[in-house]
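Inspection log for the structure reproduced underneath, given as structure tokens.
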Amino acid sequence: MLTLSLFIIPLIAGLVLLNIKNKGLASSISLVVSIIQIAVFVYAFSVFKDKSALLSFDKPWLSDFAIRFHLGLDGLSLIMVGLTVVLVSIILLAIKNLNYENIPKLLGLILLTEAALVGVFSAKDIFLFYFFFELALVPVYLIANLWGGENSSKITFKMFIYTVFGSLFMLISFVLLYMRGQSGDIESIKVTVSLLPNLIKQILFWGLLLAFSIKMPIFPFHTWLPDAYSKSPTPATMLLSGLLSKMGVYGLIRILLPFAPSGIQLYGEIIIILAVAGLVYGSIIAIKQNEIKRLIAYSSFAHMGLMAGAVLTLSVTGLQGAIFQMVAHGFNAVGLFYIAKIIFDKTGSRSLTTLGGMTQSAPLLTVMFMVVLLGSVALPLTNGFVGEFLMLKAVFDFNHVIGILAGLSVVFGAVYMLRFFQKTMYGPSNDITIKITDIGTKEMMVLVPIVIVVLLTGVFPNLILDISASFVNSLGVLNK
Amino acid sequence: MYPIIVFSVSGLLMLYLGLSVSKKSLLPINLAFLLIGLLSGFIDWNAPGLYFNNMVEVSNTLILVQSVVILAAILVAGLSSKLFEDAIDHPAEYYALMQFAVVGALIMVSFQNLIMLFVGLEILSVALYVLAGSDKRNLRGNEASIKYFLMGAFATGILLFGIAMFYGATGSFDINSGSSVANNLPEGKIFFWIGLIFIFIGLLFKISAAPFHFWTADVYQGSPTIFTAFMATIVKTAVIFALYRLAVYSFSFEYDNWSKFLVIIIGLSMIIGNLTAVYQSNFKRILAYSSISQAGFMLLSLIGLGEQSFGNLGFYTLSYAFATISGFGVFLIVSNDQLVDGRPNENINVFNGLFKRNPDLAVILLISMLSLSGIPLTSGFWSKFFVLNDAATKGYLWILILGIVMSAVSLYYYFKPIRATFGSTESESITVSAIAKATLYVCAAMTVLLGVAPNLFRGLF
Numbered sequence: 001m002l003t004l005s006l007f008i009i010p011l012i013a014g015l016v017l018l019n020i021k022n023k024g025l026a027s028s029i030s031l032v033v034s035i036i037q038i039a040v041f042v043y044a045f046s047v048f049k050d051k052s053a054l055l056s057f058d059k060p061w062l063s064d065f066a067i068r069f070h071l072g073l074d075g076l077s078l079i080m081v082g083l084t085v086v087l088v089s090i091i092l093l094a095i096k097n098l099n100y101e102n103i104p105k106l107l108g109l110i111l112l113t114e115a116a117l118v119g120v121f122s123a124k125d126i127f128l129f130y131f132f133f134e135l136a137l138v139p140v141y142l143i144a145n146l147w148g149g150e151n152s153s154k155i156t157f158k159m160f161i162y163t164v165f166g167s168l169f170m171l172i173s174f175v176l177l178y179m180r181g182q183s184g185d186i187e188s189i190k191v192t193v194s195l196l197p198n199l200i201k202q203i204l205f206w207g208l209l210l211a212f213s214i215k216m217p218i219f220p221f222h223t224w225l226p227d228a229y230s231k232s233p234t235p236a237t238m239l240l241s242g243l244l245s246k247m248g249v250y251g252l253i254r255i256l257l258p259f260a261p262s263g264i265q266l267y268g269e270i271i272i273i274l275a276v277a278g279l280v281y282g283s284i285i286a287i288k289q290n291e292i293k294r295l296i297a298y299s300s301f302a303h304m305g306l307m308a309g310a311v312l313t314l315s316v317t318g319l320q321g322a323i324f325q326m327v328a329h330g331f332n333a334v335g336l337f338y339i340a341k342i343i344f345d346k347t348g349s350r351s352l353t354t355l356g357g358m359t360q361s362a363p364l365l366t367v368m369f370m371v372v373l374l375g376s377v378a379l380p381l382t383n384g385f386v387g388e389f390l391m392l393k394a395v396f397d398f399n400h401v402i403g404i405l406a407g408l409s410v411v412f413g414a415v416y417m418l419r420f421f422q423k424t425m426y427g428p429s430n431d432i433t434i435k436i437t438d439i440g441t442k443e444m445m446v447l448v449p450i451v452i453v454v455l456l457t458g459v460f461p462n463l464i465l466d467i468s469a470s471f472v473n474s475l476g477v478l479n480k
Numbered sequence: 481m482y483p484i485i486v487f488s489v490s491g492l493l494m495l496y497l498g499l500s501v502s503k504k505s506l507l508p509i510n511l512a513f514l515l516i517g518l519l520s521g522f523i524d525w526n527a528p529g530l531y532f533n534n535m536v537e538v539s540n541t542l543i544l545v546q547s548v549v550i551l552a553a554i555l556v557a558g559l560s561s562k563l564f565e566d567a568i569d570h571p572a573e574y575y576a577l578m579q580f581a582v583v584g585a586l587i588m589v590s591f592q593n594l595i596m597l598f599v600g601l602e603i604l605s606v607a608l609y610v611l612a613g614s615d616k617r618n619l620r621g622n623e624a625s626i627k628y629f630l631m632g633a634f635a636t637g638i639l640l641f642g643i644a645m646f647y648g649a650t651g652s653f654d655i656n657s658g659s660s661v662a663n664n665l666p667e668g669k670i671f672f673w674i675g676l677i678f679i680f681i682g683l684l685f686k687i688s689a690a691p692f693h694f695w696t697a698d699v700y701q702g703s704p705t706i707f708t709a710f711m712a713t714i715v716k717t718a719v720i721f722a723l724y725r726l727a728v729y730s731f732s733f734e735y736d737n738w739s740k741f742l743v744i745i746i747g748l749s750m751i752i753g754n755l756t757a758v759y760q761s762n763f764k765r766i767l768a769y770s771s772i773s774q775a776g777f778m779l780l781s782l783i784g785l786g787e788q789s790f791g792n793l794g795f796y797t798l799s800y801a802f803a804t805i806s807g808f809g810v811f812l813i814v815s816n817d818q819l820v821d822g823r824p825n826e827n828i829n830v831f832n833g834l835f836k837r838n839p840d841l842a843v844i845l846l847i848s849m850l851s852l853s854g855i856p857l858t859s860g861f862w863s864k865f866f867v868l869n870d871a872a873t874k875g876y877l878w879i880l881i882l883g884i885v886m887s888a889v890s891l892y893y894y895f896k897p898i899r900a901t902f903g904s905t906e907s908e909s910i911t912v913s914a915i916a917k918a919t920l921y922v923c924a925a926m927t928v929l930l931g932v933a934p935n936l937f938r939g940l941f
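Line by line, the protein sequences give chains Z and V.
Counting along the first sequence from 1, when you hit position 144 you're at 144 in this note's numbering, and nothing is skipped either side.
This note's numbering runs 480 ahead of the 1-based position in the second sequence.
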């Protein structure tokens, strides 16, 4: 029931907000919804260990097809739903104070995305998973189009077609799975999957992999990403980079790992090489970027590559690292995109060549930026370090050469991130940057929670790793 | 059975009412007739049997299918309000013709005798030939009407030839007499087979399955939009169920043979329909080619041949009717608002900036296109899922993969109009008449509702 309410509350609130014109009312509704959602989640978290029956909701949906509306939370789902609930609350808080038209509708669409994401992360039935996986994209597509700039319809079209195309291959795999097992339940499919004929196993592996690797994205399916991230309005970018890309990694762990283990044994190495290639490639391109949103976009792409590689090593460390990094990267990416938006609103520029010296006039922003940035470059005691370290160790154990290459990306990451910081905050200030005002309480209310999470999970990683450990250990397909 | 009688009478009445009643009150009268017809069908609920000397069958499932046909007619009539009052001199005639066409469609879904199939098809077709050319001053409309008539007559000829062959082989027009021939009279079997193939081809012409689809795009484009919507939904529904009756009820003992023939038709329809639609820029042509691929999907339920196939097909046609009618409905309103050379603009760019001009219409268009392309939580997803699952259960794995790949292709052209709605425009906002608005809302709401709970309708079968 708790999981269901986590899904229903934002759904209803989102639909209500779409029909509200008053901005003040809409803001307070979204604030109340955020608080309720966090409260429900905290309660769910507290009963997770002993009364997990409370978390499950199971009703037949299509009785003659054995397709059930089954939501539930295990260790992995709990982390992802928590990430969604907290991050969406932060995004809502951030959006309210930005100068967009039609704020109530924007907030409503974000809440609808939240509902779909909670659905994705807690679905226990493959078809339910597929629905929410597709559905999450629709509100983001609308946000990107309606609040985007000139070219947005062309760019989001590319993104939409790309990702839906990928998920249709997931659908092929799911229909095949369903036909063999006559059930949509993830747990019961896991049992039957090893009995499938070889051809089906192959189709399953490639179909699922294609869907998730487009969603994340993994090299070479990333061509939709730079434009979609940099040209979309900030709310859409935050949702895409912070949460929607995590659906891909989540899918790898939840669906691909248990459903197509033999495919990973066979082709895992190729995919890891591709993922790491994307990681290095994304990092190098990010170094050359002058547009700050594009820079963050490429850095995001690089991080996703490492997560994919780590998951496919089929090791406990890799998986733990990837799960931790999903949370870390979610917060860091949202923080960075928000800071980019603040910089743009204050100076009217996103180009590194025209910025500089902002630390003089905006010391608070500098501090906040610094912390989020250090999280992103994986400095010890920040959240980025734990995940990156675990993942790099896993990849290194898998293959030393690939591991070393992947390790290079940490160096590159420091280069492009510090360059980003240096070119905006330090150096000589110019006419525009000398005059800007520092961030106020409104911005601090968004950035402080992010900074707290960056430091807290960096110092106490076991807050997350303990929960995910129970899931990872029960997975049963990992190499020892 | 009762709807057939009701509409035969009400169609004639409508013609006379056109002389005495004002134009404005014709639409409510028409809607009332259609509603009476819809409700009268349920008098026979739970009273299955054969009527009129074994000419038509009545059963609960057939009543549901007939309701789909009548419902589609009601929705199309709901859209026609403003258009008919403004542009057409004698709307009563068109309302009457639409009702006659419905009679034909109703006969086609419930025939028990091949003569009835022929009669039903002719009643439906002749009415539509006239409707297709009803915009007399439009050259394209004339072309469409002539083309539709010639092609249709040709197809009917083939069908009739097939029926004659069937009669020659079996000595009966009853659709259940086939199996006895196959078992008792081996030398008559060749005639039986030729007859079967020709009947199939005649009907596949009508449903515009490839390679018998060449008339579709021109006829869809040339006909007035409102009748294109009528054609796309009602003819498709009637013909696919006629095919279903023949293939599954009377010739199922030859399943192994005709399914091989049919599966090729399905593959061709999907490939040709979807790939050609990608290159179109006229919205009606896009929907014409999309209807070819949808015909392919509908035919899948024939080779599915499971317990649920009939219900799945019923669900498909209902979902297709809602999506198509709302898509055409939005297009009708928008294109009549923006004239090019005195004629409605039919290019995709007519949708430019619709989100600013009238967000409700844009959302309805979005839902309709999502449903046609088969995105989840619209009824279109389930309808494709059901028929693909049916076919795949029978072992046709490649058609499942082809179907889904072609759905992926279809995303591209279904999203062309949606992309346009986000564009910028100088045009002013659009106002929509109350009845048309209500119709569109119902279509969109039902598309989503059936997408969330498909068994609401499917469970009835």
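Note that the Cβ used here is the ideal one computed from N, Cα and C, for glycine as well.
Determine, using beta carbons only, whether residue i comes closer than 7 Å to chain V.
i       : result
E134(Z) : yes
F121(Z) : no
I143(Z) : no
M179(Z) : yes
L62(Z)  : yes
L18(Z)  : no
V164(Z) : yes
Does the distance from the CB of residue i to the CB of residue j come in under 7 Å?
i       : j       : result
L44(Z)  : L2(Z)   : What sits at residue 44(Z) in the sequence shown is Ala, not Leu. The answer is yes: Cβ separation under 7 Å.
G505(Z) : I67(Z)  : Outside the displayed range of chain Z (1 to 480) lies residue 505(Z), so it cannot be described from this structure.
I746(V) : L793(V) : no
N622(V) : G613(V) : yes
T18(Z)  : G108(Z) : Note that residue 18(Z) is Leu in the sequence shown here, rather than Thr. Yes.
S122(Z) : V81(Z)  : yes
P139(Z) : T113(Z) : yes
T359(Z) : V454(Z) : no
N827(V) : Q818(V) : no
I132(Z) : G119(Z) : The amino acid occupying residue 132(Z) in the given sequence is Phe; Ile does not appear at that position. Result yes, Cβ atoms of F132(Z) and G119(Z) sit closer than 7 Å.
Y416(Z) : I287(Z) : yes
T858(V) : G807(V) : no
A775(V) : I766(V) : no
P235(Z) : I35(Z)  : no
Check the C-beta distance from residue i over to residue j and give it rounded, since I have them as a contact under 8 Å.
i       : j       : result
S749(V) : I783(V) : Not quite, the Cβ-Cβ distance comes to about 13 Å (not below 8 Å), so this is no contact.
I915(V) : G558(V) : 5 Å
L204(Z) : L177(Z) : 7 Å
I550(V) : L518(V) : 5 Å
G458(Z) : G375(Z) : 7 Å
So residue i is in the beta strand (DSSP E); what residue range does that whole segment cover?
i       : result
I103(Z) : That residue, I103(Z), is in no beta strand (DSSP E); its alpha helix (DSSP H) goes I103 to S122.
I67(Z)  : I67 to L71
Y531(V) : G529 to Y531
K59(Z)  : F57 to L62
Answer with yes or no whether the minimum CB distance from residue i to chain Z is below 7 Å.
i       : result
S887(V) : yes
R617(V) : no
A649(V) : no
I479(V) : Here chain V has residues from 481 to 941 only, and residue 479(V) is not among them.
R957(V) : The displayed coordinates of chain V run from 481 to 941. Any statement about residue 957(V) would go beyond what the structure contains.
Starting from residue i and walking both ways along the alpha helix (DSSP H), at which residues does that stretch end?
i       : result
V454(Z) : T441 to V459
F680(V) : K669 to I687
E537(V) : Here E537(V) belongs to no alpha helix (DSSP H); instead the beta strand (DSSP E) covers V536 to V538.
R350(Z) : No alpha helix (DSSP H) holds R350(Z); DSSP gives it neither H nor E.
- Query: Which runs of the alpha helix (DSSP H) spanning at least 4 residues fall entirely within the segment 118 to 174 of chain Z, listed in chain order?
  - Reply: 126 to 135 and 137 to 146
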